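Heads up: the sequence shown begins at 296 in the numbering used here, then just goes up one per residue.
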Amino acid sequence: MARLSKSRYLAGLQCHKRLYLDIHAPELARPPDASTQAILDMGSTVGQTARGYFPGGKLVEADYRHKQDALDQTAALMADPTVPAIFEAALLFERTLVRVDVFQREEPADGNGACWRLIEVKSSGRLKGYHLDDLAIQAYVAIGVGLSLSGVCLMHLNSEYLYPGGEIDLTQLFTLCDVTELVMDRLKDLPARLAAMRAMIESPASPAIQPGAHCHTPYECPYWDHCTQAKPARWVYHLPGRKTTAQVLIDQGVETIDEIPESVSLTIIQRRVKDNREWIGPALADALARVRYPVHHLDFETFMPAIPRYPMTRPYQLIPVQWSDHIETEAGRLLHQDYLSEAPEDPREEFTRRLLDSLGDRGTICVYSQYERSVLEQLAELFPPHRSALQAVIKRLWDLLAIVQEHYYHPAFGGSYSIKSVLPAVVPGLSYDDLEIGDGAVAAREYVRMVFEVTDWVERQRIADALRAYCARDTLGMVELRRALGEKSRGV
Ligand code: SF4
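Right, here's the structure in full:
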């Protein structure tokens with residue numbers, strides 16, 4: 296009989312088929328992509344930092360491949376009354392193994408043996424419903440092996456914490472939230488859920504569960520590619536917008552976007568996806584002609600450290616670290632300027648000064664989405680001496696994404712207006728496929744590696760070059776996109 300674990304139990308709560316595949320065909324799972332890996336890495340960093348909250352705590356060193364060693368080490372540490380806290384404690388009950396982030400020893404007032412506070416560390420900024428299931432399976436096993444629990448807590452980042460500089464105050468960085476009652480409430484259904492999962496696992500075939508909205512929450516399921524491989528290219532689930540619309544259609548037996556009945560009310564974008572042909576709005580030329588030269592094409596890259604790295608920042612505060620500006624003159628000449636912070640110090644002041652120099656005080660500033668606006672607004676708030684200049688820059692912003700959404704559609708968008716979808720469709724030959732860094736999540740992760748982790752200067756230079764190439768592609772892409780849309784609007 297297969298052994299369960301905390302992660303398998305949570306997989307089973309999301310979808311029985313996911314649990315079945317985890318046990319019988321894990322090779323079908325897609326490996327974590329760069330953004331998922333970045334989230335996992337962030338979670339590990341936060342978990343390790345949280346251990347400093349419990350001075351004198353001891354780590355169970357044995358990893359998941361050495362389960363019996365982990366169980367033995369945990370038992371030894373529990374038996375040692377001088378150990379105030381155990382990190383990564385391993386417990387096994389009814390063939391369910393859990394690792395507990397923190398077990399804090401507490402001596403009860405009656406002196407009747409130790410009791411334990413069970414603590415799960417999360418890198419999020421607040422308690423979420425599925426955290427309670429995570430804690431419930433741990434509490435179930437802990438109680439099952441006979442431990443006395445004094446409380447069950449979630450320890451998460453305090454998103455209000457303003458890091459003043461120097462050593463981080465862990466008691467301020469983290470919030471310890473007692474959820475004992477909520478978790479105990481979830482224990483009532485837990486044995487029945489475990490029994491159902493065990494029975495399902497022993498079945499000869501995986502459950503016939505169709506993919507749908509449940510595949511993305513609370514976690515992205517790694518079996519999505521496997522479960523959807525037989526679906527048609529224009530599967531109705533790919534209709535953009537709220538997935539509830541697609542789910543209703545699926546429930547009505549509609550399989551492809553082309554089969555959606557005309558009577559169904561669709562948004563404008565959904566209608567264009569259903570029509571599936573190139574569409575050029577009659578006002579596209581006018582919209583494009585509103586720019587003033589020189590036209591700047593601007594893109595930012597940022598990162599959001601869970602644990603603040605710079606004074607006067609909070610957990611997950613967005614830190615802009617890089618920009619690229621392609622400048623097109625009225626005569627059609629193209630200039631390029633960029634900035635990439637390569638030092639570990641707070642880059643925001645230099646980022647701002649150099650940006651203002653590059654943008655000057657003339658011309659439209661073309662961006663793709665409202666992201667740059669929100670970053671500029673934060674910088675204006677942060678740096679009063681630059682505030683009026685930044686506000687003037689904000690007034691010059693011109694969002695090319697809004698122009699595309701309002702005036703153009705191409706079937707190759709597949710319903711997505713991300714520049715990663717739009718660019719190759721409108722400007723064939725210009726994509727991100729040839730770049731080492733191909734999306735913002737990878738760029739953020741590589742930036743952190745370059746500045747804080749890699750010591751070899753050759754490797755640092757390689758990452759810096761790749762980051763510059765990626766950000767420059769975004770802004771060159773906007774230049775080419777504007778030009779290509781202009782040709783389309785003129786019927787060229
Ligand atoms: S992709 Fe969806 S249906 Fe398939 S295993 Fe994952 S959650 Fe279940």
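For every residue, glycine included, the Cβ atom is placed at its ideal position computed from N, Cα and C. Being a predicted model, the structure only gives us computed values, none of them experimental.
According to DSSP, what are the bridge partners of residue i?
| i | result |
| --- | --- |
| Gln399 | Ala380, Arg412 |
| Ile622 | His591, Leu630 |
| Gln608 | With the sequence shown as reference, residue 608 is identified as Thr, and Gln is not the correct amino acid for it. Paired residues: Tyr458. |
| Phe469 | Leu452 |
| Arg778 | Paired residue(s): none; Arg778 is not in a bridge. |
| Lys417 | His451 |
| Thr391 | Leu299, Phe388 |
| Glu596 | Gln617 |
Would you check whether the ligand SF4 has a heavy atom nearer than 7 angstroms to the C-beta of residue i?
| i | result |
| --- | --- |
| Tyr634 | no |
| Tyr518 | yes |
| Arg313 | yes |
| Ile545 | no |
| Gln542 | no |
| Val509 | Before going on, a small fix: residue 509 reads as His here, not Val. Yes, the Cβ of His509 comes within 7 angstroms of a heavy atom of the ligand SF4. |
| Ile318 | no |
| Ile698 | no |
| Ile504 | yes |
| Gln524 | no |
| Cys310 | yes |
According to the neighbour-count rule (16 or more other Cβ atoms, all chains shown, within 10 Å of its Cβ), is residue i buried or exposed?
| i | result |
| --- | --- |
| Ser300 | buried |
| His361 | exposed |
| Asp581 | exposed |
| Asp358 | exposed |
| Thr391 | buried |
| Phe398 | buried |
| Arg657 | exposed |
| Glu383 | buried |
| Ala306 | buried |
| Arg643 | buried |
| Pro350 | exposed |
| Trp411 | buried |
| Thr377 | exposed |
| Asp396 | buried |
| Glu625 | exposed |
| Phe708 | buried |
| Ser339 | exposed |
Per DSSP, what kind of secondary structure is residue i in: helix, strand or coil?
| i | result |
| --- | --- |
| Gly772 | helix |
| His361 | coil |
| Gly352 | coil |
| Phe446 | In the sequence as displayed, the identity of residue 446 is Gly instead of Phe. In the structure shown, Gly446 sits in a strand (DSSP, three-state: E or B). |
| Pro642 | coil |
| Val717 | helix |
| Arg566 | helix |
| Asp694 | strand |
| Thr523 | coil |
| Ala297 | coil |
| Arg744 | helix |
| Glu476 | helix |
| Pro321 | helix |
| Thr540 | helix |
| Gln665 | coil |
| Thr331 | helix |
| Phe708 | helix |
| Ile758 | helix |
| Ile575 | strand |
So, residue i versus residue j, is the Cβ gap smaller than 8 angstroms?
| i | j | result |
| --- | --- | --- |
| Lys783 | Ile575 | yes |
| Val586 | Cys522 | no |
| Pro327 | Leu335 | yes |
| Val722 | Val699 | no |
| Ala767 | Asp633 | yes |
| Ser619 | Asp641 | no |
| Leu583 | Arg777 | yes |
| Leu725 | Ala601 | no |
| Val341 | Leu422 | no |
| Thr512 | Val531 | no |
| Met450 | Ile504 | no |
| Tyr727 | Gly733 | yes |
| Ala333 | Ala739 | yes |
| Ile432 | Leu314 | no |
| Phe469 | Ala345 | yes |
| Ile545 | Gly710 | no |
Give a yes or no on whether 8 angstroms exceeds the smallest Cβ distance from residue i to chain B.
| i | result |
| --- | --- |
| His621 | Checking the listed chains, one finds no chain B in this structure; it contains a single protein chain. |
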